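Please read the structure below before turning to the comments.
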Amino acid sequence: MFSSTKGAKKYEGSDVILHSGTFKVVYDSLWSILSIYPAMTEFGTENVMIGDPFHDDKEESGYEGIFAVGEGLYVVRESIQSEEDEFHAVVEEVSLREADGEYDLLRACPTDLSFDGDSKGFEGAVGFMASDDGGIYMLGLCEGNYCKEGKKGKERGNGRVVVMKRNSGGVGADCSWETVEILEIPKTADFQDYSAISVSDSGKVAVTSQEDSMMWVGHLKGVVDEDTITSVKDIGFEGEGELFNFPREQDGCKHIFCNIEGVHWIGEDQIVAVSDKMKSNGKQPNECFSNDQSIHVFVLP
């Protein structure tokens with residue numbers, strides 16, 4: 001897909017957005033942000049990895065979300081252990097320097113919500129500015145049901161989206177994201193896990209499940225456009241929504257898109273998505289291999 005891999009061998013795609021004319025993709029295994037032109041030309045020189053994929057050799061990035069609000073670009077680390085042995089998502093605000101293929105970290109702000117561990121935190125996110133107070137808000141999608149790990153996290157149909165407000169004293173100052181409200185995803189989205197979220201400029205919502213290879217489409221109230229809401233008090237899910245299967249094998253049963261982890265509306269009936277690496281050691285069938293570590297475009301029927 002791109003001319004230089006910067007030494008990367010695996011591409012565990014975890015989220016994607018359309019920003020400044022290109023698809024921006026993050027990986028939970030790499031620290032780079034991939035910029036892909038919508039034409040998706042193979043080995044195109046215009047497709048670049050921004051930043052050093054291994055700038056921290058002690059740990060992987062854990063990036064599971066990316067969103068933009070105005071000129072601001074944010075990436076979300078799923079769940080990071082703190083000095084107090086608690087687990088919190090961390091939201092990093094970055095500034096891209098595409099001219100030299102690097103990016104600057106402006107601030108890294110922890111969220112106040114505590115998770116059970118480092119594997120079932122925020123799995124996707126969208127961001128908005130509120131017209132009434134000018135605040136910047138994030139809607140963080142929990143991977144597990146009830147925002148939990150273990151058996152509780154697999155109790156289908158209990159998806160949660162955490163609404164948070166950014167509190168910051170400016171670049172370099174202490175900052176955080178504080179919980180305002182927790183929204184219940186309609187039970188029509190009867191999923192074992194929740195892997196990605198996107199909201200269109202008309203309020204159309206897409207929520208995907210990696211385990212079920214499905215997508216729930218609903219509506220979010222209070223949306224003005226793709227990064228603006230009227231007020232945080234106005235937002236909420238409206239109606240029950242409907243379910244869509246990602247394409248199956250020819251027999252109509254076997255999953256072939258087994259690892260969808262990022263999704264973004266690029267039209268009222270069209271989405272772009274990215275896939276994680278398939279699970280090894282027999283945890284997933286061979287059919288999953290053909291579409292892992294890839295970028296896809298789907299049209300709703």
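The sequence shown begins at 1 in the UniProt record's numbering and counts up one residue at a time.
C-beta atoms are modelled at their ideal positions from N, C-alpha and C, and glycine is treated no differently.
Only a predicted model underlies this, so the values are computations on that prediction, with no experimental measurement involved.
Excluding the five sequence neighbours on either side, which residues of its own chain have a C-beta within less than 7 Å of the C-beta of residue i, listed in chain order?
| i | result |
| --- | --- |
| K204 | V217, H219, W265, E268 |
| D227 | A68, V69, G70, G127, F128, M129 |
| D234 | K221, G222 |
For residue i, report the span of its beta strand (DSSP E) as first-last.
| i | result |
| --- | --- |
| G203 | Per DSSP, G203 belongs to no beta strand (DSSP E) and is neither H nor E. |
| M138 | 136–142 |
| K10 | Taken as a continuous stretch (DSSP letters only), K10 belongs to no beta strand (DSSP E), as it is neither H nor E. |
| N245 | 236–245 |
| H231 | A small fix is needed here, since residue 231 is Ser in this sequence, not His. Taken as a continuous stretch (DSSP letters only), S231 belongs to no beta strand (DSSP E), as it is neither H nor E. |
| S35 | 33–36 |
| K24 | 22–27 |
| M49 | 48–50 |
Using C-beta distances below 8 Å, list every residue in its chain close to residue i, excluding the 5 sequence neighbours before and after it, in chain order.
| i | result |
| --- | --- |
| H239 | A quick correction: the sequence has Gly, not His, at residue 239. Answer for G239: P186, G218, H219, listed in chain order. |
| residue 320 | There is simply no residue 320 to check, as the chain begins at 1 and stops at 301 in what is shown. |
| Y137 | G127, F128, M129, A130, V163, M164, K165, R166, V180, I229, V232 |
Using C-beta distances below 6 Å, list every residue in its chain close to residue i, excluding the 5 sequence neighbours before and after it, in chain order.
| i | result |
| --- | --- |
| E46 | Y37 |
| S200 | W265 |
| E211 | Q192, D193 |
Run through the DSSP bridge pairs and tell me what residue i is partnered with.
| i | result |
| --- | --- |
| H296 | A273 |
| L18 | F23 |
| G282 | For G282, which the question treats as bridged, DSSP gives no partner whatsoever. |
* Asked: How do the segment 89–108 and the segment 145–158 stand: do at least 3 beta-carbon pairs fall below 8 Å, yes or no?
  -> no
* Report the residue ranges of all alpha helix (DSSP H) runs contained in full by the segment 148–227; include only those spanning at least 4 residues, in chain order. => 150–153
* Should the segment 79–97 be regarded as contacting the segment 192–202, the criterion being three or more beta carbon pairs within less than 8 Å? -> Judged by Cβ distances under 8 Å, the segment 79–97 makes no contact with the segment 192–202, as fewer than three pairs qualify.
* What runs of the beta strand (DSSP E), each 3 residues or longer, lie entirely inside the segment 246–271? -> 260–267
* Hey, which unbroken runs of the beta strand (DSSP E) at 3 residues or more fall wholly within the segment 63–137? -> Fully enclosed beta strand (DSSP E) runs of no fewer than 3 residues occupy 63–69, 72–81, 87–97, 102–110, 122–130 of the segment 63–137, in order along the chain.
* To do: Would you check if there are 3 or more beta carbon pairs closer than 8 Å linking the segment 294–301 to the segment 52–63?
  => Contact between the segment 294–301 and the segment 52–63 is absent, because fewer than three Cβ pairs lie under 8 Å.
* Is it true that the segment 275–283 meets the segment 241–250, where meeting means three or more beta-carbon pairs spaced less than 8 Å apart? -> Fewer than three Cβ pairs drawn from the segment 275–283 and the segment 241–250 lie within less than 8 Å of each other, which leaves the two stretches out of contact.
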